[in-house]
Each structure stands twice: as C-alpha cells, then as structure tokens.
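Participant: Counting along the sequence shown from 1, when you hit position 37 you're at 137 in my numbering, and nothing is skipped either side.
Beta carbons are placed, not taken as given, at the ideal position from N, Cα and C, and that holds for glycine.
Because the structure is a prediction, the values reported are computed rather than measured.
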Amino acid sequence: MRKNYRMKKTISVKMFISELGEKFSEHVKDRLMDLDIRCVLGRKDKNYIVDVKHVEHIKYACNESDNSKVTEKEYVYGEFITIQGVLYFSKEFIKTPYVMQSDVANKIYDSLTSEEFVFNKNNEEDENENEDENKSEEVILKKVDDTNIDFIIDSILEVCPNVSQKYLDIVKEMTSHAEIKKNNTFHVSTY
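1. Based on Cα-Cα distance, which residue from 257, 250, 261, 272 lies nearest to residue 127?
2. Take residue 112 and list the residues in its own chain whose beta-carbon comes closer than 8 Å to its own, dropping the five residues that flank it on each side.
3. On the CB-based measure, 16 or more other CB atoms within 10 Å of its CB, does residue 278 come out buried or exposed?
4. From 171, 109, 107, pick the residue whose C-alpha is nearest to that of residue 159; which is it?
5. Between the C-alpha atoms of residue 191 and residue 265, what's the straight-line distance to the nearest angstrom?
6. Tell me whether the beta-carbon of residue 123 lies closer than 9 Å to the beta-carbon of residue 178.
7. Closer than 8 Å is the cut-off here; do at least three beta carbon pairs connect the stretch 237-256 with the stretch 208-217?
8. How many Å lie between residue 148 and residue 276 at the Cα?
9. How many whole angstroms separate the CB atoms of residue 181 and residue 132, which I take to be in contact at a CB cut-off of 8 Å?
10. Quick one: using the 10 Å Cβ neighbour count with 16 as the cut-off for buried, is residue 117 buried or exposed?
11. Using alpha carbons as the reference points, say which of 263, 247, 110, 269 lies closest to residue 144.
12. Here's a check: name, in chain order, each residue in its chain whose Cβ is nearer than 7 Å to the Cβ of residue 146, leaving out the five neighbours to either side.
13. I need the boundaries of the alpha helix (DSSP H) containing residue 129, first residue and last residue.
14. Straight-line CA distance for residue 114 to residue 169?
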C-alpha cells in the first residue's frame, strides 16, 4: 500500500469540512463546527477516515486485557467516514496502544436509526498490492444526516471535557499575534 506522506495526520473540524464536506448540509456543517474548540480529528492512511479526539489529548488510566498492567490511553469519541460526499459514523474503529474507544461511541451508533452499510476500506489501488497487506477491512457504518447529527454532536460534547484555561490562553495569544502580524503587514506596489 502506498503511503501519502503529505497528508496531515491531525486536522481541525473546519479543515475536514473544507476538504471533504462540500456535499454536507449546512446544518451538518454547523453542528460539526460545535466540536471545533474541544475536538481535533486524527487520520492514519486514508484522508476520508477521521477519529474524533480531545484537542488536548488527555490520557486516562486503563487496565490492559491481562489486568496486570495499568497504562494511559486517550479516548476516541467516534469515527467519521466520508464516502462520495456522504458522512457516516463507524461502529468500531482502530484501538491502538495509545487510544481506546469511548463508551459514547457505542451509545451513539446503537441509537442511530439509519440503515447499516458495510464498507471495505481497501480501495482499488490497494488491491494490486501484496496479498499479505490486502486483508479485507470491512467496517459497518450508519449515515449521518440532519435527523441525527444533533444527537451525535450533543452526545460527544456531553462526555468530551471542556478545554483547560491554559489551552484557551494559548489560543488567545496565538490569535492575537496573528492579528497583530496581519495589521502590521503592508503591501508596497511598484509602478
């Protein structure tokens, strides 16, 4: 499988909407933007699959499967997949040594009434690669639209912690520096 090394691995909700959300309804876009201050979207190999994580990457103690070792992992609150301009919510997503699926993701998925859709993450260009790498990666999805986006976003915001005051101060300082730079930049035209 070819890797796209230029693809940004962590993006804002605004960037996700600008890249893949041209066919989303205005209501879906507005509600997704409610996640923007608290959440960041992470992606691995495919640009159309994003995990919803807290912007400060807060880690929580959790027990490993053998119950002997306690580690710290970051919660993933859901996974969105965009296929041909349509937004879907995934039933299950990748758990790694660094992240774990939040219980809210299952609650959201089970409450969605839209029809289930099975999608194979391997696209045509992957099918020509080595057979060892070409394992079927089917995921079960449900469509996100105007009827269920409010429930999805409200459920995520209910469990995703607010950002810290320190984070807000950093963002405020960054935006004020950007504003000062913008105001002090002048253009000289030569005739």
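Facilitator: Per the coordinate set shown:
1. Indexing the sequence shown from 1 puts residue 127 at position 27. The residue with the shortest Cα to Cα distance from residue 127 is 250.
2. Locating residue 112 in the sequence shown gives position 12, counting from the first residue. Contacts found: 136, 140, 141.
3. As a first step, residue 278 must be located in the sequence shown, where it is residue number 178. Burial call: exposed.
4. Locating residue 159 in the sequence shown gives position 59, counting from the first residue. Comparing Cα-Cα distances from residue 159 to each of 171, 109, 107, the minimum goes to 171.
5. Here the question's residue 191 lines up with position 91 in the sequence shown. Here the question's residue 265 lines up with position 165 in the sequence shown. Between residue 191 and residue 265, the C-alpha separation is close to 33 Å.
6. By one-based count along the sequence shown, residue 123 stands at place 23. By one-based count along the sequence shown, residue 178 stands at place 78. Cβ atoms of residue 123 and residue 178: not closer than 9 Å.
7. yes
8. Indexing the sequence shown from 1 puts residue 148 at position 48. Indexing the sequence shown from 1 puts residue 276 at position 176. The straight-line gap from Cα to Cα measures roughly 32 Å.
9. Here residue 181 corresponds to residue number 81 of the sequence shown, with the count starting at 1. Here residue 132 corresponds to residue number 32 of the sequence shown, with the count starting at 1. Going by Cβ atoms, the distance from residue 181 to residue 132 rounds to 14 Å, so no, they are not a contact pair.
10. On the sequence shown, position 17 is the one that residue 117 refers to. Under this definition residue 117 is a buried residue.
11. Indexing the sequence shown from 1 puts residue 144 at position 44. It is 110 whose Cα lies nearest to the Cα of residue 144.
12. The residue given as residue 146 occupies position 46 in the sequence shown. Hits under 7 Å: 221.
13. Stepping through the sequence shown from its first residue, residue 129 is reached at position 29. 126-133 is the extent of the alpha helix (DSSP H) around residue 129.
14. Translated into positions along the sequence shown, residue 114 becomes position 14. Translated into positions along the sequence shown, residue 169 becomes position 69. For residue 114 and residue 169, the distance between alpha carbons rounds to 38 Å.
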